[in-house]
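Undergrad: For the sequence shown, our numbering gives the first residue as 5, with consecutive numbering after it.
Have a look at this one before I ask anything.
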Amino acid sequence: MCQPGLRRSASCGGPDRARLPVQVRRRDERRIPSGVRYCSRDRVTGRPRRYHRLVLSFSAQTRTANLARMAQDRFDVLVIGGGITGAGIALDAAARGFSVALIEKDDFASGTSGRSSRLVHGGLRYLEHREFGLVRESLRERGLLFRLAPHLILPVPMYMLAGDRRSRTRYGLGLTGYDLMAAGRNIGVHRPVTAEQVRQAMPGLGAPSRGYRYFEGQTDDARLTIEVARTAQAFGAVLANHVRAEALLGGARVAGAVAADEMTGERFEIRALVTVNAAGVWADQVVRLAAGGGAASAAGSAGSGRLRPSKGVHLVFAPGTVRTTAALAVPSAAGDGRYVFLVPWEDRVYAGTTDTPYSGDLDHPAVEAADRDYILAMVAREFPGVNERDVVASWAGLRPLLNQDEPAADARTSDLSRRHVVFEDPPGLFTITGGKLTTYRAMAEDLVDRIADSLRRRSRCLTPSIPLGLHGPVRAARGLATAEAARLGLPPGTGARLMQRYGDDWREAIRLIGQDPSLGEPAVDGLPVLNVELDLARSREMAITAEDVFVRRTRLTTRDASVTRPAG
Ligand SMILES: Cc1cc2nc3c(=O)[nH]c(=O)nc-3n(C[C@H](O)[C@H](O)[C@H](O)COP(=O)(O)OP(=O)(O)OC[C@H]3O[C@@H](n4cnc5c(N)ncnc54)[C@H](O)[C@@H]3O)c2cc1C
């Protein structure tokens, strides 16, 4: 819904509706007086689906207005951290009717949520660790996300090679269990494949063998996070990036935070009944703020606490070098029992990940030579001829893994659970750590249930039926976007790509290109990103710095690290 004080955009509330096919409008939508649209019925609950209105602006101006509100109002919930977990909590709480503020010290998804393997998956390998509950929950969430963000989460065929009978039996049993656990929400059952089928799917593979094909979901994690953040704003949450929690307010009970605007240096207090620490690998630092440690003493590297961060690195390969149309899960070349993924991404392929204990600077995890070697060894073994010169970009992220009770000193981080925990300590400060990108919605539901109990406010979680950035059927949107892009003379595939990355905002992109055809030109020669995407990042996605635009909104620098971005 359009927020008071925000610019009312052309697409907010509806001129774009006029372009929807008439039968779609008549069947799926009717307006009710509150301005919230009810569109058909939820297949799971049978209740009418509640959709917020179409897109809204989410810009530097929105941020300025939000900062003013943060300093003036008193909120039910203040969320610290604008990764997928914090954004998911802001959305869940706002949709239940709580007043919510969220601050992020850097940019949305600048932490782990923009540096993952980008898979929305059940986690087949967790079956080995007998984490059946985690796998079941992840598969349920995977199915739900396919429905809520069908433009952003795409099915990706995944292959596992099994040349010998023993591994074929083992994988076959595992995948059968996986499919059964996903029953009702599966995105495609597994099936055995011949060596020839493997070769066709992955022409560059050195030694194709028999194996299995199954399906997982693939997303752009930073785009998913920004879409959840925007949806939270549409439900009334007040969000700002580049704002750091420097100290916590209150005595025995935490009552909000002292915030610092990283762009201006200005400080102000945000008062809230409940404060949520969704700071990912920085969560221990935020807990230390409650003990009176200021930002300076709390900042720094990973230390003792409830978290045991682990670093994961990905390498991106130039178009045409790793020749595959499908994803591949293979044992690493190090013989450590880990699996590494190769995943096609538009015209390139990325591979990862490593999983090593980390105790360095949390703000700047680096891709070391050992990380590169680990991944390259696997890629070169499977795809002969690929070498270091084919790597065009890379990223490193930190997993917020839980320090399990008395872990053996040499416990590998890959053995630590991906479960999440919620605890309230000290009173008024709820910390949520661990978890996965895939399960962010369930994590948020769990946490907001706890908050509702503590505030004695009965509420029901609505996020299973809140779409994330695309309203209406994805096929109709793709068809319309394709037709509109063709009308403007844009290259084939442009409309579908804009719809896939920007959801409902594909209309705004097309409208802007219609007004200024230069916006339909590539932002960088040889890359699919258009100039209009740089505009959308600032006007609709609260990108404040060039890094926000280039690294996370458009992914220009993770496509090709040699792309230079303007300062600022
Ligand atoms: C290499 C790797 C691969 C992964 N692959 C997958 C995958 O394929 N699928 C999957 O489901 N999961 C995956 N994960 C896990 C998933 O990415 C994480 O669980 C998830 O992104 C964590 O999100 P978060 O919001 O908790 O943390 P973050 O994204 O790190 O967000 C925390 C935010 O808090 C902010 N913050 C910290 N301190 C403050 C402060 N004082 N004031 C204000 N803001 C603050 C930070 O800047 C940060 O943006 C992967 C993780 C890694 C590292």
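Built from N, CA and C at the ideal position, the CB exists for glycine as well.
For the stretch 314 to 359, list the beta strand (DSSP E) runs that are entirely contained and at least 3 residues long, ordered along the chain.
TA: Taking only runs of at least 3 residues, the beta strand (DSSP E) segments lying wholly in the stretch 314 to 359 are 314 to 321, 331 to 335, 343 to 349 and 352 to 356.
Undergrad: For P404, I'd like the list of residues in its chain whose CB is within less than 8 Å of its CB, leaving aside the five on either flank, ordered along the chain.
TA: Within the sequence shown, residue 404 is the residue found at index 400, counting from 1. Excluding positions up to five away in sequence, the list reads T116, G284, V285, A287, L311, P313, T437, G438 and G439.
Undergrad: Straight-line CA distance for A295 to A166?
TA: Along the sequence shown, read from residue 1 onward, the residue named residue 295 stands at position 291. Along the sequence shown, read from residue 1 onward, the residue named residue 166 stands at position 162. A295 and A166: Cα-Cα distance of roughly 53 Å.
Undergrad: Between W510, E449, G493 and L492, which lies nearest to H475 when the distance is taken from Cα to Cα?
TA: Position 471 of the sequence shown holds residue 475. Out of W510, E449, G493 and L492, W510 has the C-alpha closest to the C-alpha of H475.
Undergrad: Just the C-alpha distance for G255 and L433, rounded to the nearest angstrom, thanks.
TA: For the purposes of this step, residue 255 is taken as residue 251 along the sequence shown, with counting starting at 1. For the purposes of this step, residue 433 is taken as residue 429 along the sequence shown, with counting starting at 1. About 12 Å.
Undergrad: Is M267 closer than 8 Å to I548 when the C-beta atoms are compared?
TA: Taking the sequence shown and counting its residues from 1, the one referred to as residue 548 is at position 544. Taking the sequence shown and counting its residues from 1, the one referred to as residue 267 is at position 263. In contact: I548 and M267 (Cβ atoms closer than 8 Å).
Undergrad: Please report the straight-line C-alpha distance between R569 and A550, rounded to a whole angstrom.
TA: The residue you call residue 569 lines up with position 565 of the sequence shown. The residue you call residue 550 lines up with position 546 of the sequence shown. Near 6 Å, if we compare the C-alpha coordinates of A550 and R569.
Undergrad: For V59, count neighbouring Cβ atoms within 10 angstroms of its own Cβ and tell me buried if that reaches 16, exposed if not.
TA: As a working note, residue 59 is residue 55 in the sequence shown. At V59, the pLDDT of 46 sits below 50, so the modelled position is not reliable and the matter cannot be decided from this model.
Undergrad: Using alpha carbons as the reference points, say which of R122, D96, T442 and V83 lies closest to V353.
TA: Position 349 of the sequence shown, counting from 1, holds the residue named residue 353. When only C-alpha atoms are compared, the closest one is R122.
Undergrad: Check each candidate in M185, G215, A186 and L184 and name the one with the smallest Cα separation from R195.
TA: Working through the sequence shown from its first residue, we reach residue 195 at position 191. Among M185, G215, A186 and L184, the Cα nearest to that of R195 belongs to G215.
Undergrad: Is there contact between the stretch 553 to 561 and the stretch 527 to 534, where contact requires at least three CB pairs shorter than 8 Å?
TA: Verdict: yes, contact present.
Undergrad: Any idea what DSSP makes of I274, helix, strand or coil?
TA: Walking along the sequence shown from the start, residue 274 turns up at place 270. I274 falls in the strand class under three-state DSSP.
Undergrad: With C-beta atoms as the reference, is A480 less than 8 Å away from A500?
TA: Sequence index remark: in the sequence shown, residue 480 carries index 476 (1-based). Sequence index remark: in the sequence shown, residue 500 carries index 496 (1-based). For A480 and A500, no; Cβs fall outside 8 Å.
Undergrad: So, V278 versus S458, is the Cβ gap smaller than 8 Å?
TA: In the sequence shown, the residue the question calls residue 278 occupies position 274. In the sequence shown, the residue the question calls residue 458 occupies position 454. A contact, by the Cβ cut-off of 8 Å.
Undergrad: Taking the continuous beta strand (DSSP E) assigned at T437, which residues delimit it?
TA: Position 433 of the sequence shown, counting from 1, holds the residue named residue 437. Taken as a continuous stretch (DSSP letters only), the beta strand (DSSP E) holding T437 covers L433 to G438.
Undergrad: Distance, Cα to Cα, V347 vs D265?
TA: Locating residue 347 in the sequence shown gives position 343, counting from the first residue. Locating residue 265 in the sequence shown gives position 261, counting from the first residue. So the two alpha carbons sit approximately 38 Å from each other.
Undergrad: Could you tell me if the beta carbon of W349 falls within a distance shorter than 7 Å of some heavy atom in ligand 1?
TA: Position 345 of the sequence shown holds residue 349. The answer is no for W349.
Undergrad: Any idea which residues DSSP pairs R217 with across the strands?
TA: What you label residue 217 is simply residue 213 of the sequence shown in a count that begins at 1. Note: R217 sits in a beta bridge opposite Y163 and R195.
Undergrad: Hey, is I548 close to ligand 3, as in C-beta under 7 Å from one of its heavy atoms?
TA: Here the bound small molecules are ligand 1; ligand 3 is not part of this structure.
Undergrad: Whose C-beta lies closer than 7 Å to the C-beta of A98 among residues of the same chain, with five residues either side of it excluded?
TA: By 1-based counting over the sequence shown, the position of residue 98 is 94. If we look at A98 and ignore the five residues flanking it on each side, its Cβ neighbours are V104, A236, F239, G240 and A241.
Undergrad: Would you kindly work out how many angstroms separate the C-alpha atoms of E141 and R376, rounded to a whole number?
TA: Position 137 of the sequence shown, counting from 1, holds the residue named residue 141. Position 372 of the sequence shown, counting from 1, holds the residue named residue 376. Approximately 32 Å between the Cα atoms of the pair.
Undergrad: May I ask you to verify whether the stretch 108 to 115 touches the stretch 223 to 232, counting CB pairs closer than 8 Å and requiring at least 3?
TA: These segments touch.
Undergrad: Ordered along the chain, which non-local residues of its own chain (more than five positions away) have a Cβ less than 6 Å from that of M382?
TA: The residue given as residue 382 occupies position 378 in the sequence shown. For M382, where only same-chain residues beyond five positions count, the Cβ hits under 6 Å are S336, A337 and V344.
Undergrad: Assuming Y398 is part of the beta strand (DSSP E), what are its boundary residues?
TA: By one-based count along the sequence shown, residue 398 stands at place 394. The amino acid at residue 398 is misidentified as Tyr; the sequence shows Ser. That run of the beta strand (DSSP E) goes V395 to R403.
Undergrad: With burial defined as no fewer than 16 other Cβ atoms inside 10 Å of the residue's Cβ, what is the status of F554: buried or exposed?
TA: By one-based count along the sequence shown, residue 554 stands at place 550. Answer is buried; the Cβ neighbour count reaches 16.
Undergrad: Identify, in the order they occur along the chain, each residue of the same chain with its Cβ nearer than 8 Å to the Cβ of P430, setting aside the five sequence neighbours on each side.
TA: The count along the sequence shown starts at 1 and reaches residue 430 at position 426. Taken in chain order, the residues that qualify are A256, R257, V258 and A294.
Undergrad: Tell me which residues share the same chain as G210 and place their Cβ nearer than 7 Å to its Cβ, disregarding the 5 neighbours each side in the sequence.
TA: The residue labelled residue 210 in the question sits at position 206 within the sequence shown. E386, F387 and P388, listed in sequence order.
Undergrad: Taking C-alpha atoms, which residue in L523, G518 and A448 lies nearest to T435?
TA: Your numbering for residue 435 matches position 431 in the sequence shown. Of the listed residues, the one whose Cα sits closest to T435 is A448.
Undergrad: Per DSSP, D265 is paired with what?
TA: As a working mapping, residue 265 is identified with position 261 in the sequence shown. Partner(s): V247.
Undergrad: Near G92, which residues of its chain fall below 6 Å by C-beta distance, leaving aside the five closest residues on each side in sequence?
TA: Sequence index remark: in the sequence shown, residue 92 carries index 88 (1-based). Closer than 6 Å at Cβ, skipping near neighbours: V232, Y444, R445 and A448.
Undergrad: In chain order, what residues of the same chain lie with their CB nearer than 7 Å to the CB of E145, ignoring the 5 residues before and after it?
TA: In the sequence shown, residue 145 corresponds to position 141, counting from 1. Excluding residues within five positions, the ones whose Cβ falls inside 7 Å are T442, T443, R445 and A446.
Undergrad: When we look at the beta-carbon of S38 and count the other beta-carbons within 10 Å, is it buried (16 or more) or exposed?
TA: In the sequence shown, residue 38 corresponds to position 34, counting from 1. In this predicted model, S38 has a pLDDT of only 31, less than 50, meaning its place in the structure is not dependable; the value taken from the coordinates is given anyway. By the 10 Å Cβ count, S38 comes out exposed.
Undergrad: Are G356 and V317 closer than 8 Å when you measure CB to CB?
TA: In the sequence shown, residue 356 corresponds to position 352, counting from 1. In the sequence shown, residue 317 corresponds to position 313, counting from 1. Taking 8 Å as the Cβ cut-off, G356 and V317 qualify as a contacting pair.
Undergrad: For ligand 1, any of its heavy atoms closer than 7 Å to the Cβ of P404?
TA: Along the sequence shown, read from residue 1 onward, the residue named residue 404 stands at position 400. Yes, ligand 1 has a heavy atom inside 7 Å of this Cβ.
Undergrad: Tell me whether N281 is buried or exposed, calling it buried when 16 or more other Cβ atoms sit within 10 Å of its Cβ.
TA: Mapped onto the sequence shown, residue 281 falls at position 277. With 16 or more Cβ atoms within 10 Å of its Cβ, N281 is classed as buried.
Undergrad: Does DSSP put G9 in a helix, in a strand, or in coil?
TA: Indexing the sequence shown from 1 puts residue 9 at position 5. Reliability of the predicted coordinates at G9 is poor, the pLDDT of 30 falling under 50, and no value is obtained from them.
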